[in-house]
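K.L.:
Would you mind keeping the following structure in view while I ask a few things?
There are 2 protein chains.
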Amino acid sequence: MHPDLIFHQFFESESSTYTYLLADRAGGESVLIDPVYETIDRDLNWVRELGLKLVYVLDTHVHADHVTGAGEIRRRTGAKTALSASAGVACADVSLRDGDELAFGRFRVRALETPGHTDGCMSFYCEGRVFTGDALLIRGCGRTDFQQGSAERLYDSVHQKLFALPDETRVCPAHDYKGLTASTIGLEKEFNPRLGSGKTKGEFVRLMSELRLAQPKKIHEALPANMACGEKGGPP
Amino acid sequence: MHPDLIFHQFFESESSTYTYLLADRAGGESVLIDPVYETIDRDLNWVRELGLKLVYVLDTHVHADHVTGAGEIRRRTGAKTALSASAGVACADVSLRDGDELAFGRFRVRALETPGHTDGCMSFYCEGRVFTGDALLIRGCGRTDFQQGSAERLYDSVHQKLFALPDETRVCPAHDYKGLTASTIGLEKEFNPRLGSGKTKGEFVRLMSELRLAQPKKIHEALPANMACGEKGGPP
Numbered sequence: 000m001h002p003d004l005i006f007h008q009f010f011e012s013e014s015s016t017y018t019y020l021l022a023d024r025a026g027g028e029s030v031l032i033d034p035v036y037e038t039i040d041r042d043l044n045w046v047r048e049l050g051l052k053l054v055y056v057l058d059t060h061v062h063a064d065h066v067t068g069a070g071e072i073r074r075r076t077g078a079k080t081a082l083s084a085s086a087g088v089a090c091a092d093v094s095l096r097d098g099d100e101l102a103f104g105r106f107r108v109r110a111l112e113t114p115g116h117t118d119g120c121m122s123f124y125c126e127g128r129v130f131t132g133d134a135l136l137i138r139g140c141g142r143t144d145f146q147q148g149s150a151e152r153l154y155d156s157v158h159q160k161l162f163a164l165p166d167e168t169r170v171c172p173a174h175d176y177k178g179l180t181a182s183t184i185g186l187e188k189e190f191n192p193r194l195g196s197g198k199t200k201g202e203f204v205r206l207m208s209e210l211r212l213a214q215p216k217k218i219h220e221a222l223p224a225n226m227a228c229g230e231k232g233g234p235p
Numbered sequence: 000m001h002p003d004l005i006f007h008q009f010f011e012s013e014s015s016t017y018t019y020l021l022a023d024r025a026g027g028e029s030v031l032i033d034p035v036y037e038t039i040d041r042d043l044n045w046v047r048e049l050g051l052k053l054v055y056v057l058d059t060h061v062h063a064d065h066v067t068g069a070g071e072i073r074r075r076t077g078a079k080t081a082l083s084a085s086a087g088v089a090c091a092d093v094s095l096r097d098g099d100e101l102a103f104g105r106f107r108v109r110a111l112e113t114p115g116h117t118d119g120c121m122s123f124y125c126e127g128r129v130f131t132g133d134a135l136l137i138r139g140c141g142r143t144d145f146q147q148g149s150a151e152r153l154y155d156s157v158h159q160k161l162f163a164l165p166d167e168t169r170v171c172p173a174h175d176y177k178g179l180t181a182s183t184i185g186l187e188k189e190f191n192p193r194l195g196s197g198k199t200k201g202e203f204v205r206l207m208s209e210l211r212l213a214q215p216k217k218i219h220e221a222l223p224a225n226m227a228c229g230e231k232g233g234p235p
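For the record, the sequence lines run as chains A and B.
Last residue of the first sequence: 235 (numbering that gives the first Met the number 0), numbering continuous.
Last residue of the second sequence: 235 (numbering that gives the first Met the number 0), numbering continuous.
Shown next as structure tokens:
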């Protein structure tokens with residue numbers, strides 16, 4: 000990692016969500032990835048103590064398990080919100096397409112379309128790290144049974160976009176439920192039980208179709224709120 | 000951080016404990032810091048998948064809130080257990096004094112005596128990171144009201160040993176309860192509300208004496224178990 004790139008990982012325990020802060024030490028321009036509504040104060044306090052200026056708030060996708068902090072952070076800081084054009088979120092300031100780049104100071108975040116968990120899933124690459132949202136989790140992946148989910152598309156996204164990155168690329172997912180904090184592309188290629196170690200697309204599709212998961216507790220609150228950048232329907 | 004130093008942070012959610020893995024990519028010798036009994040399988044699976052060989056299992060102190068995984072990991076892997084000589088844990092393979100170093104591959108962990116939360120608290124320094132146990136937490140510190148705790152000694156440990164490290168040193172604590180994962184010495188000097196920003200020893204001692212905290216839930220199980228390296232009294 001570049002010595003002037005500040006990196007911080009935050010964890011929100013109710014939804015087991017990781018939020019990430021990236022910043023250029025020189026000048027202090029910074030981006031937040033996947034902030035959670037309930038932990039906005041903590042995250043913005045950290046930004047303030049580091050003396051940073053938020054320029055973008057990114058969502059990897061329209062989350063179903065928590066309300067995004069993006070809209071409220073925009074309101075408080077003036078940062079621009081950004082996510083995939085395919086997510087259909089009209090209130091976003093920036094609609095991203097595959098390959099688009101967002102600058103903060105001397106660094107860039109590159110958007111990689113990685114649909115499958117949802118239509119509008121993006122991963123974000125920056126300086127040897129990839130923020131994979133729910134497309135690729137540590138030894139797992141996001142579900143594909145709602146929000147236009149498609150196991151076929153997720154398999155292709157992971158194999159064609161994420162597994163094409165160098166093996167040493169650090170994988171920073173949107174969630175973990177077992178206390179794991181990061182992985183690498185090389186480790187997930189080898190040990191991901193759903194998507195790695197030679198699993199075929201057919202095997203993956205069958206496996207995903209048999210999961211029979213319960214609905215996320217907050218889905219009926221989170222989806223409409225997140226389509227409005229978290230500004231309506233969030234906790235009062 | 001040296002490019003050949005593997006670093007991984009794990010989280011155990013019941014006791015909010017961070018466990019750390021450090022390894023030399025060349026040769027694979029590695030150390031675990033503060034493993035928790037309940038998450039031994041997860042941690043050792045990670046070690047195995049990375050192809051590492053554990054040489055030491057370190058405890059920063061005799062924990063009161065969880066049972067250490069050290070003894071059981073020693074039994075399964077042959078790694079040596081190590082902690083402060085002042086902890087009085089007779090079953091430890093290595094009893095550490097201030098300034099002692101333990102080698103794993105081409106790297107060294109240096110022991111820093113940082114008593115105050117307990118008599119036998121140590122911090123461990125390695126390649127720009129300091130593993131502070133409960134001596135210094137992110138914007139906080141460990142309690143000082145049992146296990147020979149002393150607010151005076153903790154203040155001196157933090158100010159004389161930890162705050163003497165370079166400002167950019169990454170602080171990796173044994174716990175966090177708000178989803179913060181790491182800090183730096185510079186940030187804690189400036190923003191730690193108990194120990195930083197010009198707080199005097201007198202102010203700190205008074206503050207610590209007024210906390211009136213409840214006892215840790217597991218203290219009556221954890222202390223005797225941890226005095227036996229976690230080998231007796233751990234979950235069956």
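Even glycine gets a Cβ: it sits at the ideal position worked out from N, Cα and C.
Touching or not, the stretch 49 to 68 of chain B and the stretch 107 to 122 of chain B, by the rule of three or more beta carbon pairs under 8 Å?
P.N.:
yes
K.L.:
Mind checking which residues open and close the alpha helix (DSSP H) that includes A:T76?
P.N.:
Sequence index remark: in the first sequence, residue 76 of chain A carries index 77 (1-based). Here the alpha helix (DSSP H) through A:T76 covers A69 to T76.
K.L.:
Evaluate the contact criterion for the stretch 133 to 141 of chain A versus the stretch 30 to 47 of chain A: three or more CB pairs, one atom per stretch, below 8 Å.
P.N.:
no
K.L.:
What span of residues does the alpha helix (DSSP H) with A:V7 cover, start to end?
P.N.:
In the first sequence, residue 7 of chain A corresponds to position 8, counting from 1. One point to set straight first is that residue 7 of chain A is His, not Val, in the sequence displayed. Here A:H7 belongs to no alpha helix (DSSP H); instead the beta strand (DSSP E) covers L4 to E11.
K.L.:
Under 8 Å Cβ-Cβ, which residues of chain A neighbour B:F162?
P.N.:
As a working mapping, residue 162 of chain B is identified with position 163 in the second sequence. Per Cβ cutoff of 8 Å: no residues; B:F162 is ~17 Å from chain A at best.
K.L.:
According to the Cβ coordinates, are A:E48 and B:L186 closer than 8 Å?
P.N.:
On the first sequence, residue 48 of chain A is found 49 positions in, with the first residue counted as 1. On the second sequence, residue 186 of chain B is found 187 positions in, with the first residue counted as 1. Yes, they are a contact pair.
K.L.:
Does the pairing of the stretch 175 to 185 of chain A with the stretch 197 to 210 of chain A give three or more beta-carbon distances under 8 Å?
P.N.:
no
K.L.:
Taking the C-alpha atoms as reference points, what is the distance between A:E28 and A:G98?
P.N.:
By one-based count along the first sequence, residue 28 of chain A stands at place 29. By one-based count along the first sequence, residue 98 of chain A stands at place 99. So the alpha carbons of these two residues sit roughly 21 Å apart.
K.L.:
DSSP three-state label for A:T16, please.
P.N.:
The residue labelled residue 16 of chain A in the question sits at position 17 within the first sequence. A:T16 sits in a strand when the DSSP states are folded into three classes.
K.L.:
Considering only C-alpha positions, which residue in the set A:R205, A:L31 and A:A173 is nearest to A:E151?
P.N.:
Locating residue 151 of chain A in the first sequence gives position 152, counting from the first residue. Residue A:R205 is the option with its Cα nearest to A:E151.
K.L.:
Identify each residue in the stretch 116 to 132 of chain B for which the Cβ-Cβ distance to at least one residue of chain A is less than 9 Å, and report them in chain order.
P.N.:
none
K.L.:
Helix, strand or coil: how does DSSP classify A:E267 here?
P.N.:
Outside the shown range of chain A (0 to 235) lies residue 267 of chain A, about which nothing can therefore be said.
K.L.:
Would you say A:G185 faces chain B, with C-beta separation under 8 Å as the test?
P.N.:
Counted from its first residue, the first sequence places residue 185 of chain A at position 186. Not an interface residue.
K.L.:
How would you list, in chain order, the residues of chain A whose beta-carbon sits under 7 Å from the beta-carbon of B:S14?
P.N.:
Counted from its first residue, the second sequence places residue 14 of chain B at position 15. Residues of chain A passing the Cβ test: none, with the nearest at roughly 11 Å.
K.L.:
Are the C-beta atoms of B:E230 and some chain A residue less than 8 Å apart?
P.N.:
Your numbering for residue 230 of chain B matches position 231 in the second sequence. Taking Cβ atoms only, chain A never reaches closer than 8 Å to B:E230, which makes this a no.
K.L.:
Should A:A63 go down as buried or exposed, given a rule of 16 or more other Cβ atoms within 10 Å for buried?
P.N.:
Here residue 63 of chain A is taken as the residue at index 64 of the first sequence, counted from 1. Looking at its Cβ environment, which holds 16 or more other Cβ atoms inside 10 Å, A:A63 is buried.
K.L.:
Report all residues from its chain with a CB closer than 6 Å to the CB of A:S94; omit the five preceding and five following residues, and keep chain order.
P.N.:
Walking along the first sequence from the start, residue 94 of chain A turns up at place 95. The answer, listed in chain order, is A84.
K.L.:
Does A:G267 have its Cβ less than 8 Å from a Cβ in chain B?
P.N.:
Here chain A has residues from 0 to 235 only, and residue 267 of chain A is not among them.
K.L.:
Would you call the CB atoms of B:V30 and B:H65 closer than 8 Å?
P.N.:
Along the second sequence, one-based indexing puts residue 30 of chain B at 31. Along the second sequence, one-based indexing puts residue 65 of chain B at 66. Note that the C-beta distance between B:V30 and B:H65 is not below 8 Å.
K.L.:
Using a Cβ-Cβ cut-off of less than 7 Å, give me the residues of the stretch 33 to 53 of chain B that come near chain A, in sequence order.
P.N.:
T38, R41 and E48
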